[in-house]
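Novice:
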Amino acid sequence: MERRTQMSWEQLQAILKENKTTRAIEERDPPVACPFDGAILDIHPRGRRNCPMGNYTWTGGSKA
Ligand SMILES: [Zn+2]
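Following this note's numbering, the numbering of the sequence shown begins with 682 at its first residue and continues without gaps.
Okay, structure coming up:
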């Protein structure tokens, strides 16, 4: 019985991990690099992304 409980807990962890992966794929849509100079964007906690060169700002993802 104990083993069985442990197995289902592991399955739960696997499901949570899968959800995270799906979310990560959805979040791949926002730009990672500046479309003008290719610099890696600074990602702010609110989801805003700024080019370190100061010529590009991405403020998408404000659905929620
Ligand atoms: Zn830039």
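Just so it is clear, CB atoms sit at the ideal spot from N, CA and C, and this is done for glycine as well.
#1: Rounded to whole angstroms, what's the CA-CA distance from G728 to P716? Just pull it up for me.
#2: Do M734 and ligand 1 come close, with the Cβ less than 7 Å from some heavy atom?
#3: With DSSP as the reference, identify every bridge partner of I721, one or two as the case may be.
#4: Hey, would you say the C-beta of D723 is under 7 Å away from at least one heavy atom of ligand 1?
#5: Does the separation of the CB atoms of P733 and A720 fall below 8 Å?
Specialist: So, to answer that:
#1: Numbered from its first residue, the sequence shown carries residue 728 at position 47. Numbered from its first residue, the sequence shown carries residue 716 at position 35. Going by the C-alpha atoms only, they are around 17 Å apart.
#2: Position 53 of the sequence shown, counting from 1, holds the residue named residue 734. Indeed, a heavy atom of ligand 1 lies less than 7 Å from the Cβ.
#3: In the sequence shown, the residue the question calls residue 721 occupies position 40. I721 is bridged to A714.
#4: Counting from 1 along the sequence shown, the entry for residue 723 is found at position 42. For ligand 1, not one heavy atom lies less than 7 Å from the Cβ of D723.
#5: Numbered from its first residue, the sequence shown carries residue 733 at position 52. Numbered from its first residue, the sequence shown carries residue 720 at position 39. Yes, the Cβ-Cβ distance between P733 and A720 is below 8 Å.
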